[in-house]
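Read top to bottom, the protein sequences are chains A and B. Take 1 as the starting number for the first sequence in the working numbering and just add one per residue. Take 255 as the starting number for the second sequence in the working numbering and just add one per residue. Glycine included, C-beta positions come from ideal geometry on N, C-alpha and C.
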Amino acid sequence: MASHTHDDGSDGPTEAAGAIHIEDLTKQFDTDEGVERVFENVDIDIEPGSFVTLLGRSGSGKSTILKLVSGVMKPTSGDIWFEPDNVEIGYVFQSPRLLPWNTCLDNIEFVHEHNPGYTEEMGKEYLDLVGLSEHYHKYPSQLSGGQRQRVGIARALSIDPDILLMDEPFSNLDEITAEELRAELLSIWQQLNKTIFFVTHDIDEAIELSDRILMLGEGQIYADLEVTLERPRSLDSEEFLAFRQRAIDTFHDV
Amino acid sequence: MSGVTPSPLDRFRAAMRTNEVLIFAQSIATVIVVWYLIAHGLGLIEMISSPELIFAEVYELLTTGVFFVHLVDTMRRTLFGFAIGVLIATPIGIAIGLSDFLKTAFKDYVTVGLALPDLLVVVFVAMLFGIGDLTPAGAAVVLAIPYMLQTLIEGVDDIDANLIEMGASFDTSRRRQLRRVVIPSLLPEWFGGVRYSLAISWKAVTLAEVVAAETGVGFMIRRQMDTLSLTGAFAWTVLFIVILLVIEYGLLRQLERMAFSWREEVSDVVVAP
């Protein structure tokens, strides 16, 4: 378990980032109709501190790859390893998956079982980071969809992860809230320098956020696009639209 | 912004249409008035026992203390049987709910338990334990357990697997998952099962007291019936129902409201944009 205390003894987020290495990864499920292969021999390398997006259609296996990386699911074959070895991984889900009977602060405290140094002040610090200073003691049912997702992000960040896995975290939100949260996520990422492995089916979202876009389809990573556009990225700029067209053409090639 | 302040009479009229307690009181009052009119209008005061006769009997039962002597016996048997039933059914229900093997092995026993006629169970238990406290309490145990099991098995099925996966992704232990995810998920169903089991226990105990007891509310109702005292039977029944409602609304609903305040917040708060 990674420490939540800086070298100088102060609490709070560090700028630790981890690398992800995936080699020959295959996942298949046994179904009534036989064996269903989701993907096979997938290789991915993600640099520390980078923002990499896995783009694919629904059912292409994007979320499965994140589950395999997080360790909640076992691969059929292949290897996943991290640098350094003992990385801390935070997970932000498509729906926030908050405990409805716990307040925002208690939801954050829930994931700190192995962190005896955790204090309520630390939880508040992360809620402040995502703009929820007024909502420490509210239950999820008292929050809007966007606020609940912010709690999910604060919970993941609160373990001071080297790697942040994000599984279509904004897909259930209205576009205005989603855009707001994307901007905040970029700001937090630039501030904390975490490695982010992001999953989406939204090409614009992928281009707006990422350093690299990996396209998943037909059980393979079939394209690896480096996004060279300068930040902040305007969705209306000529460069953005040109890159978008290139990404769409590549996406439709499969 | 301008507005008209409603008069006290308007507020009272609105409350009569919306307040749950007032609506319930109106329905009781209506039943009593209709009953009174039929009894007196058709000259059936003795035959159907007019409300004022029952109230007089209720008053006597309360002032002489007879009702409380028997109520204590019934309550003791009910609470004993109910508590044993809940203690047995809770761990078994959770275990069956969590295991596909146990579910396949025992689900039909639960179905049979739910379908068993109350009187059949009471007669069997009476044959085993004879007249005394054990028969009503035993009947309550046997009849309450299947309901509790069914509720818990369904409750376990309804636990949100996404929350379990969330806990696993943050490396939380099974013990923490049980304490912070599984048990809170099950609590609303468990509490519903408890309330229902208590109601089943009251019914089982009074029925068993009718068949095999020498004290208790059920025994006293049977005595009134033996002497063809409709007024007496009604008086005991009315008092017993009042006690059940006091326990349901005065205790159980309040406990439920306190335990699940996080749910109540939903309707109380305007959700922010």
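Assignment of beta-bridge partners to E226 (chain A) by DSSP yields A:R212. The alpha carbon of Y91 (chain A) has as its nearest neighbour, out of A:D167, A:L98, A:P140, the alpha carbon of A:D167. CA-CA distance, L165 (chain A) to S439 (chain B), rounds to 26 Å. Each of A:Q220, A:V227, A:I153, A:L216 was checked against the Cα of L54 (chain A), and the nearest Cα belongs to A:L216. Assigned with DSSP and collapsed to three states, Y503 (chain B) falls in helix. Residue A:K62 holds the alpha-carbon nearest to the alpha-carbon of V199 (chain A) among A:K62, A:K74, A:I44, A:S58. Ranked by how close their Cα comes to the Cα of I342 (chain B), the residues B:V435, B:F378, B:A462, B:V396 have B:V396 in first place. In the three-state reduction of the DSSP assignment, I399 (chain B) falls in the helix class, which pools H, G and I. Distance from the CA of Y363 (chain B) to the CA of D354 (chain B), rounded to the nearest whole angstrom, comes to 15 Å. Remark: C-beta atoms of V375 (chain B) and A393 (chain B) approach each other more closely than 8 Å.
By the criterion of a C-beta distance shorter than 8 Å, S261 (chain B) is surrounded by no residue of its chain, once the five residues flanking it on both sides are discounted. Under DSSP, D30 (chain A) takes part in a beta bridge, and its partners are A:V35.
Around the beta carbon of D162 (chain A), 16 or more other beta carbons lie within 10 angstroms, which makes this residue buried. Contact between the region 408-418 of chain B and the region 436-451 of chain B is present: 3 or more CB-CB pairs across the two stretches fall below 8 Å. For N115 (chain A), the closest C-alpha among the options B:L356, B:T426, B:R267, B:G447 is that of B:T426.
The alpha helix (DSSP H) runs of length 4 or more contained entirely in the region 119-182 of chain A are, from start to end of the chain, 120-129, 145-158.
With a threshold of 8 Å between beta carbons, W444 (chain B) makes no contact with chain A. The contact set of P438 (chain B) on chain A, defined by CB atoms closer than 9 Å, consists of L99, P100, W101, N102 in chain order. With respect to the C-alpha of L127 (chain A), the residue from A:T119, A:L105, A:G146 having the closest C-alpha is A:L105. Residue-level contact check: S58 (chain A) does not touch chain B, since none of the beta carbons of chain B fall below 8 Å from its beta carbon. Look at H21 (chain A) here: in three-state DSSP terms it is strand. Here DSSP, grouped into helix, strand and coil, assigns L55 (chain A) to strand.
The closest CA to that of K357 (chain B), considering only B:L382, B:L403, B:G504, is found on B:L403. Between D372 (chain B) and R331 (chain B), the CB-CB gap reaches or exceeds 8 Å. For I497 (chain B), the secondary structure class from DSSP, reduced to helix, strand or coil, is helix.
Taking 9 Å as the upper bound on Cβ-Cβ separation, chain A lies near residues D414, N416, L417, E419, M420, G421, A422, S423, F424, D425, T426, S427 of the region 414-428 of chain B. In the same chain as P140 (chain A), and ignoring 5 residues on each side of it, the C-beta atoms closer than 6 Å to its own belong to L98, P100, R148, in chain order. Shown here is that no member of the region 285-296 of chain B has a Cβ falling below 9 Å from a Cβ of chain A.
The DSSP-derived three-state label of I203 (chain A) is helix. Rounded to whole angstroms, the separation of the alpha carbons of F494 (chain B) and V326 (chain B) is 11 Å.
Here G339 (chain B) is actually not in contact with A415 (chain B); their C-beta atoms are around 29 Å apart, not less than 8 Å.
Beyond the five residues adjoining it in sequence on each side, T344 (chain B) comes within less than 8 Å, by CB distance, of M402, L406, W444 in the same chain, given in chain order. For E83 (chain A), there is no enclosing alpha helix (DSSP H); the enclosing beta strand (DSSP E) has its first and last residue at 77-83.
Under a criterion of Cβ atoms nearer than 8 Å, the residues of chain B adjacent to H114 (chain A) are, in order, D425. Shown here, T259 (chain B) sits in coil according to DSSP, grouped into three states, outside any helix or strand.
Judged by DSSP in its simplified three-state form, D425 (chain B) adopts coil rather than helix or strand.
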